[in-house]
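Under the numbering used here, the first residue of the sequence shown carries the number 2, and numbering increases by one thereafter.
Here a beta-carbon is modelled for each residue, glycine too, at the ideal position from N, C-alpha and C.
Computed from a prediction, not measured in an experiment: that's the story for all the values here.
Notes follow the structure.
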Amino acid sequence: MIERIFENNKKWVSEKLAIDEDYFSKLSEGQHPEFLYIGCSDSRVTAEEMMGLHPGEVFIHRNIANMVNSVDLSVMAVINYAVRHLKVNHIVVCGHYYCGGIKAAMQPADLGILNPWLRNIRDVYRLHKEELNNITDEDKRYNRLIELNVQEQCINLIKTAAIQQAYKERGIMVHGWVFDVHSGELIDLKIDFKKELETIMEIYRLE
Ligand SMILES: [Zn+2]
């Protein structure tokens, strides 16, 4: 299994060099990605592959259930670096149907270290309890929580000073997407970023 990976790598290198002999020397010159992608760690949800993008085109952060938590140093460092130094112009939060993290948050169970992580998803449920409890079909409720979680993580992005500043300076955009594992389709939730920004700035303005 492990040997196969190194064989794959050799094949990949020669394929790239066959098309462009300077491929890797160009890559080593630096990165100027247009996108920051925040997605789930789920092995079925790739980032570059499903978006048809290549190395150098997207800065990536993945964690369980694509969360943007203000006390998670890892995601906050990624956002800060991507927005303030790499100067990305688009940030995508991409959730996915059949997300195990969201499913786990919907069930009552003590999952140890996962408890505080999943609690943030339960908070999303609490914020939208009325809408979610009115959905009688369990699968539909599960899918809706996945969408609402993406929406809330987009709002968490807007709460950061880096993004508020980049919006003012160069009109950075935040997008909420869902990947449907069952069909392979990428769905734009069409979150009205400008409207969300105006709504939350009353409380979360930082600059
Ligand atoms: Zn997931």
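Whole-angstrom distance between residue j and residue i, CA atom to CA atom
i, j, result
"M107", "I159", "26 Å"
"V14", "Q32", "19 Å"
"E58", "S26", "16 Å"
"I61", "V84", "12 Å"
"I20", "K11", "15 Å"
"N144", "D111", "23 Å"
"G96", "A105", "15 Å"
"I3", "S42", "20 Å"
"Q154", "M52", "20 Å"
"E131", "D124", "13 Å"
"Y168", "E35", "15 Å"
"N150", "E170", "28 Å"
"V182", "E203", "37 Å"
"L190", "D140", "18 Å"
One or two residues paired with residue i in a DSSP bridge
i, result
"M174", "H91"
"R127", "Note: R127 sits in no beta bridge, so no partner."
"F36", "V59, H91"
"I188", "V179"
Spatially closest choice to residue i from the options, by CA coordinates
i, options, result
"L28", "S42, H55, I147, H129", "H55"
"I164", "D23, D43, A78, T47", "A78"
"S71", "W118, F194, V179, G40", "W118"
"L187", "E49, E22, E30", "E49"
Pair within 8 Å by beta-carbon distance, residue i and residue j
i, j, result
"V89", "L37", "yes"
"V69", "V46", "no"
"V102", "I122", "Note that residue 102 is Gly in the sequence shown here, rather than Val. Cβ atoms of G102 and I122: closer than 8 Å."
"Q152", "G177", "yes"
"I201", "I156", "yes"
Whole-number beta carbon distance between residue j and residue i, since they are thought to touch under 8 Å
i, j, result
"L133", "R120", "16 Å between Cβ atoms; not a contact."
"I92", "I173", "7 Å"
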